[in-house]
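With this note's numbering applied, the sequence shown corresponds to residues 5 to 259, in that order.
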Amino acid sequence: SIYSLSRRLRAGETVYPGWVNLADPLLARAIAQSRLDGVVIDMQHGQFDTATVMQTIGEVAGVGKSTIVRVPVGDFAMAARAFDMGAAGVIAPMINTADDARALVDFVKYPPVGRRSWGPMRAMDLAGRSDATAHLHGGADETLALVMLETRDALANIDEILAVPGIDGTFVGPFDLSVSLSNGAFVDPNSAMLAEALAHIQARTHAAGKIPAAFGGASVRVRALTDLGFRMINVGWDTVYLDVGITAMIEAAGI
Ligand code: 3PY
Ligand code: MG
């Protein structure tokens with residue numbers, strides 16, 4: 005189902021989606037046919053636009069997997085559209101205050117929690133639903149709003165952000181967090197400087213009864229974040245899958 009990923013996260017499972025930057029719906033479909041638990045579509049730093057997001061959600065749904073859409077900074081209208089298109093979750097980058105979190109919720113959650121506007125025709129089609137009220141009620145569990153905590157300010161405001169009704173979880177951005185915590189001195193997602201912040205975000209999110217998630221990437225980071233208790237961690241991203249595969253084939257061929 006297009007909502008298997010959100011249901012599994014709500015049930016307490018740990019999941020490992022892939023990640024796509026290249027705006028190609030069929031590449032995302034091929035990635036979704038692996039053992040990965042769905043695909044994150046990146047509109048913030050990847051090449052996707054609204055049309056390619058819509059097509060990609062459909063292609064991934066066609067192989068029975070879920071999608072999560074990371075929207076550009078502050079583009080909460082796009083987050084609502086991603087849900088209308090059938091996404092199981094949205095990731096909103098650079099959420100630094102409870103007001104930022106409330107603004108997201110207003111766009112992506114139906115009343116009484118938020119003020120999302122009704123019109124998920126494509127999502128209902130992909131979910132195989134014709135009863136609008138059943139879809140309205142299912143939506144609370146099926147559509148996850150994840151806020152990216154990736155700055156010093158977000159760390160300072162974490163408990164207020166987590167207290168906002170309708171926020172379902174956090175997603176740590178280790179690249180931006182390293183830039184923020186080092187005051188612009190360096191970018192290094194593996195910096196020891198992040199260790200305390202990572203453990204803190206995981207613990208506060210878990211204590212609030214919400215889903216702690218993080219940008220993974222390299223396999224060692226996926227392992228380490230799993231051991232810290234994060235429950236959604238992306239394994240690499242599309243160009244890495246190509247690079248690793250090509251390198252392995254060339255090495256295996258001895259050429
Ligand atoms: C970050 O690490 O800042 C991210 O946003 C991951 O893409
Ligand atoms: Mg970031």
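Quick reminder that beta carbons are idealized off the backbone N, C-alpha and C, glycines included.
- Shown here, Gly62 sits in a helix according to DSSP, grouped into three states.
- With a cutoff of 7 angstroms, Pro178 counts as near the ligand 3PY, since its C-beta is closer than that to a heavy atom of the ligand.
- With a threshold of 7 angstroms, the Cβ atom of Glu154 counts as near the ligand MG, since some heavy atom of the ligand is closer than that.
- Cβ atoms of Gly188 and Met152 stay farther apart than 8 angstroms, at about 18 angstroms.
- Rounded to whole angstroms, the separation of the alpha carbons of Gly221 and Ser182 is 15 angstroms.
- A heavy atom of the ligand MG is found nearer than 7 angstroms to the CB of Pro97.
- Note that the C-beta distance between Ala217 and Leu108 is not below 8 angstroms.
- Distances from the CB of Pro193 to the heavy atoms of the ligand 3PY include at least one below 7 angstroms.
- The alpha-carbon separation between Ile45 and Thr54 amounts to approximately 11 angstroms.
- Beta-bridge partners of Ile171 (DSSP): none assigned.
- Here Gly93 is buried, its C-beta having at least 16 other C-beta atoms within 10 Å.
- A direct Cα-to-Cα measurement between Gln37 and Val67 gives close to 7 angstroms.
- Excluding its 5 nearest sequence neighbours in each direction, Asp79 has no C-beta neighbour in its own chain below 6 angstroms.
- Within the DSSP secondary-structure output, Pro216 pairs in a beta bridge with Thr174.
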